[in-house]
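*Asks:*
Chains as they are written, first to last, in this note's numbering: chain B, 1 to 171; chain P, 172 to 387.
1. Using 8 Å as the limit for Cβ to Cβ distance, is residue 51 (chain B) near chain P?
2. Give the residues of chain P in contact with residue 45 (chain B), contact being defined as C-beta atoms less than 8 Å apart.
3. What does residue 325 (chain P) pair with, by DSSP beta-bridge criteria?
4. Touching or not, the segment 11-19 of chain B and the segment 226-241 of chain P, by the rule of three or more beta carbon pairs under 8 Å?
5. Residues in the segment 10-27 of chain B with C-beta within 7 Å of chain P's C-beta atoms, listed in sequence order?
6. The alpha helix (DSSP H) with residue 285 (chain P) in it runs from where to where?
7. Answer yes if the segment 111-119 of chain B comes into contact with the segment 133-143 of chain B, meaning at least three C-beta pairs across the two stretches below 8 Å, and no otherwise.
8. Comparing the C-beta of residue 92 (chain B) with each C-beta of chain P, is any distance below 8 Å?
9. What span of residues does the alpha helix (DSSP H) with residue 101 (chain B) cover, start to end?
10. Using the beta-carbon of each residue, which ones in chain C are nearer than 9 Å to residue 354 (chain P)?
11. Going by other Cβ atoms of all chains shown within 10 Å of its Cβ, with 16 needed for buried, is residue 226 (chain P) buried or exposed?
12. How would you call residue 257 (chain P), buried or exposed, if buried means at least 16 neighbouring beta carbons within 10 angstroms?
13. Using the rule of at least 16 other Cβ atoms within 10 Å of the residue's Cβ for burial, across every protein chain shown, is residue 74 (chain B) buried or exposed?
14. Does DSSP put residue 229 (chain P) in a helix, a strand or coil?
15. Quick check: the Cα distance between residue 16 (chain B) and residue 284 (chain P), rounded to an integer number of angstroms?
16. Apart from the five residues just before and just after residue 61 (chain B), which ones in its own chain have a Cβ nearer than 8 Å to its Cβ?
17. Is residue 7 (chain B) close to chain P, meaning its C-beta is less than 8 Å from at least one C-beta of that chain?
18. Taking 8 Å as the threshold, find out whether the segment 206-218 of chain P comes into contact with the segment 276-294 of chain P through three or more Cβ pairs.
19. Count Cβ pairs between the segment 236-249 of chain P and the segment 179-199 of chain P that sit closer than 8 Å; are there 3 or more?
20. At least one CB of chain B closer than 8 Å to the CB of residue 254 (chain P): is that the case?
21. Within the chosen definition, does the segment 125-137 of chain B reach the segment 62-73 of chain B through at least 3 CB pairs nearer than 8 Å?
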């Protein structure tokens, strides 16, 4: 009797789960394309912050490393490297976009995600520092560091070194 | 049935009277946008979970009713989450993890166990909508106060196109006198406490009137 009851319960639960799984699969198939389109549109909007009228295409053909998340070619204008490294805040890695013109000279740096200490590491991303520090540089050594923000600067240096290395390979 | 529906608003308002679903009510009531979005999602889940569970109430073996409820509720929440992600991405981003956490919103499981498992489909559907709207109503009250005090204005944007503002005002004279604290957890508790007290007072008064009527 107990066994019979158990079997019925198990079968019932399995049946309910199967129906639920089927319903979720159906809605996933329905929404997945829209979600993918939205994600791509958002990515394009972010890239457009660096090259407002650019056409972007993700490219490969470089030695992969942990600092480089993606490389985009901006048609006729240059390249964008999406780089990441851990700075002072170990739970939130820094993610930045680094723009390059066609000769591999930087056009700017744009933070996408950073939770570095306010007033210390965060100063690396304030435009009055970051615009002169990250514009018109042709090697990682030329990029300025910021004293008092050693760990953040070091993370950015690693991103810049990887970005310039990747640029040598793709441009 | 109308009584059931009305109960959800004042006398048995899930947030202010039953103190259910408070975690999400406190966390996402920072803006009117979030409040209405979350309220609609919870109402939808509550309506469908109540209907489905009421339909199955005679089939579900008693020992496994809670796991069955959870499977039903979790699937509905996942489906609603996918729909919001696809068609209202701005809302999806601002609700964040709290949208998935609707699964553990005790209003839904509570109504499944206390109402839908004992009542017919139509009554359960009405109860779901009533409770859902009661929750939405509570969120709107809290969030309107919090958003107004924290930013000096109230805005509601079209959830399907975040740039189109459907309704909104802001009072320029309040610039510089806003209270950012109100958008934090402290503000949530303060606002919630005031409303809970107000609702308790209303209930107390109604009960007293009833007593007096009985004496006569």
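The C-beta atom is built at its ideal place from N, Cα and C for all residues, glycine as well.
*Replies:* In short:
1. Position 51 of the first chain, counted from the first residue, corresponds to residue 51 (chain B). For residue 51 (chain B), the answer is no, since every Cβ of chain P falls outside 8 Å of its Cβ.
2. Here residue 45 (chain B) refers to the residue found at position 45 when the first chain is read from its first residue. Per Cβ cutoff of 8 Å: no residues; residue 45 (chain B) is ~12 Å from chain P at best.
3. Counting from one through the second chain, the residue named residue 325 (chain P) turns up at place 154. Beta-bridge pairing links residue 325 (chain P) to P:340.
4. Contact between the segment 11-19 of chain B and the segment 226-241 of chain P is present, because at least three Cβ pairs lie under 8 Å.
5. Under the 7 Å Cβ criterion, the segment 10-27 of chain B contributes 12, 13, 16, 17, 20, 23, 24, 27.
6. Position 114 of the second chain, counted from the first residue, corresponds to residue 285 (chain P). Element bounds for residue 285 (chain P): n/a, residue is neither H nor E.
7. With a cut-off of 8 Å, the segment 111-119 of chain B and the segment 133-143 of chain B do not count as touching, because too few Cβ pairs lie within range.
8. Taking the first residue of the first chain as 1, we reach residue 92 (chain B) at position 92. The Cβ of residue 92 (chain B) sits no closer than 8 Å to any Cβ of chain P.
9. Counting from 1 along the first chain, the entry for residue 101 (chain B) is found at position 101. Element bounds for residue 101 (chain B): not the alpha helix (DSSP H) but the beta strand (DSSP E), 94-101.
10. Of the protein chains in this structure, namely B and P, none is chain C.
11. Looking up residue 226 (chain P) in the second chain gives position 55. With a 10 Å radius around the Cβ and a threshold of 16 neighbouring Cβ atoms, residue 226 (chain P) comes out exposed.
12. Counting from one through the second chain, the residue named residue 257 (chain P) turns up at place 86. It is buried - the Cβ of residue 257 (chain P) has at least 16 other Cβ atoms within 10 Å.
13. By one-based count along the first chain, residue 74 (chain B) stands at place 74. Looking at its Cβ environment, which holds 16 or more other Cβ atoms inside 10 Å, residue 74 (chain B) is buried.
14. What you label residue 229 (chain P) is simply residue 58 of the second chain in a count that begins at 1. In the displayed model, residue 229 (chain P) falls within coil according to three-state DSSP, outside both helix and strand.
15. For this step, residue 16 (chain B) is matched to residue 16 along the first chain. For this step, residue 284 (chain P) is matched to residue 113 along the second chain. A direct Cα-Cα distance of roughly 17 Å separates residue 16 (chain B) from residue 284 (chain P).
16. Within the first chain, residue 61 (chain B) is the residue found at index 61, counting from 1. Within the same chain, 169, 170 come within 8 Å of residue 61 (chain B) by CB-CB distance, once the 5 residues on both sides are set aside.
17. Within the first chain, numbered from 1, the residue matching residue 7 (chain B) stands at position 7. So no, residue 7 (chain B) is outside the interface.
18. As far as the Cβ criterion goes, the segment 206-218 of chain P touches the segment 276-294 of chain P, which means the pair count is three or higher.
19. The segment 236-249 of chain P is not in contact with the segment 179-199 of chain P.
20. On the second chain, residue 254 (chain P) is found 83 positions in, with the first residue counted as 1. With 8 Å as the cut-off, residue 254 (chain P) counts as an interface residue toward chain B.
21. As far as the Cβ criterion goes, the segment 125-137 of chain B does not touch the segment 62-73 of chain B, which means the pair count is below three.
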